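At position 45 of the sequence shown the residue is numbered 151 (the numbering used here), and the sequence of numbers has no breaks. Glycine included, C-beta positions come from ideal geometry on N, C-alpha and C. The model shown is predicted, which means the values in this text are computed figures rather than measured ones. Before any comments, here is the structure.
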Amino acid sequence: MKSHKTRNDLKSNAKAVSIDILNGRLARPSIWHSRQSKPIGISKGIQFIAVHEMLDSFRTEVDTHVDTMAERVVQLGGTALGTAQTVANKTALKPYPVDIYKITDHLTALAERYGTVANAVRAGIDTTDEAGDADTADILTGFFTRARQISMVS
107 MKSHKTRNDL KSNAKAVSID ILNGRLARPS IWHSRQSKPI GISKGIQFIA
157 VHEMLDSFRT EVDTHVDTMA ERVVQLGGTA LGTAQTVANK TALKPYPVDI
207 YKITDHLTAL AERYGTVANA VRAGIDTTDE AGDADTADIL TGFFTRARQI
257 SMVS
């Protein structure tokens, strides 16, 4: 994909590596974020409100990190690829189970997906740092830290 000129003085290789990593990471949280609404819609029980509020706060955090990653792509001269089609084609997440109803089962399924996202982001930290883009590595580190914490919920 064609890049646009920026005032960012990173070497072109570092920019290309970071843009690719960030766009790949944009897909995972976006699809995972959209799948979080399923548990809210079909869960029931005395914990429903607490879980609903917890998942809402997680989604807010995901939105913040996704926005930051997309902004970084643009700062590096790239195009943030966050369309539904791109997201669907790039995700490595397993499909969300449609046959579970217990809140604990949903939390386990979500924690698995948060863990998958966190592991992919962690790999991106090393790759972007090695390419010479410490700023992108820092952005990914912030996201990794929170995703890892959330994956330990269940």
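Where the alpha helix (DSSP H) containing residue i begins and where it ends
i, result
"Leu213", "Ile209 to Ala237"
"Gln181", "Phe154 to Gln181"
Buried versus exposed call for residue i [16 or more other C-beta atoms within 10 Å across all chains shown]
i, result
"Ile155", "exposed"
"Tyr207", "exposed"
"Thr189", "exposed"
"Lys200", "exposed"
"Val223", "buried"
"His110", "exposed"
"Thr251", "exposed"
Alpha carbon of residue i to alpha carbon of residue j, nearest angstrom
i, j, result
"Asp126", "Asp232", "14 Å"
"Lys117", "Ala243", "15 Å"
"Gln153", "Lys121", "45 Å"
"Val179", "Asn195", "19 Å"
"Asp173", "Thr197", "18 Å"
"Ser163", "Ala237", "33 Å"
Residue of the options minimising C-alpha distance to residue i
i, options, result
"Thr112", "Thr214, Thr170 and Gly183", "Gly183"
"Asn129", "Gln255, Leu246, Arg254 and Arg252", "Leu246"
"Leu187", "Asp115, Ala253 and Arg131", "Arg131"
"Val123", "Asp239, Gly221 and Val223", "Asp239"
"His288", "His212, Phe250 and Ala226", "The structure shown does not extend to residue 288, since the chain spans only 107 to 260, so no value can be given for it."
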